[in-house]
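Residue numbers (the UniProt record's numbering): 1 to 50.
Heads up, the beta-carbon is just placed ideally off N, CA and C, and yes, glycines get one too.
Since the model is a prediction, treat every value here as computed from it, not as a measurement.
To start, the structure under review is shown below, and the notes come after it.
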Amino acid sequence: MNKEECKRQHLDHVQGVITRMAGNSFQIKGFCMAMATILGALYAANFRCE
């Protein structure tokens with residue numbers, strides 16, 4: 001492998017890591033939004049003014 005091929009391979013690995021991190025971030029944000037919605041609904045159901 002020459003220097004340019006090594007550099008290209010390294011950049012491909014870095015790009016793969018960034019892509020995986022972006023996907024994981026999206027999933028975590030979706031999970032957090034779902035949990036916040038559920039907790040808000042439970043709070044509203046338990047503390048209604050009567």
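Given this structure, state the Cα-to-Cα distance separating residue i from residue j, to the nearest angstrom.
i	j	result
Met1	Leu11	15 angstroms
Cys6	Gln15	14 angstroms
Asn24	Ala34	15 angstroms
Tyr43	Ala36	10 angstroms
Glu4	Val17	20 angstroms
Phe31	Gly40	14 angstroms
The alpha helix (DSSP H) spanning residue i covers which residue range?
i	result
Met33	3-46
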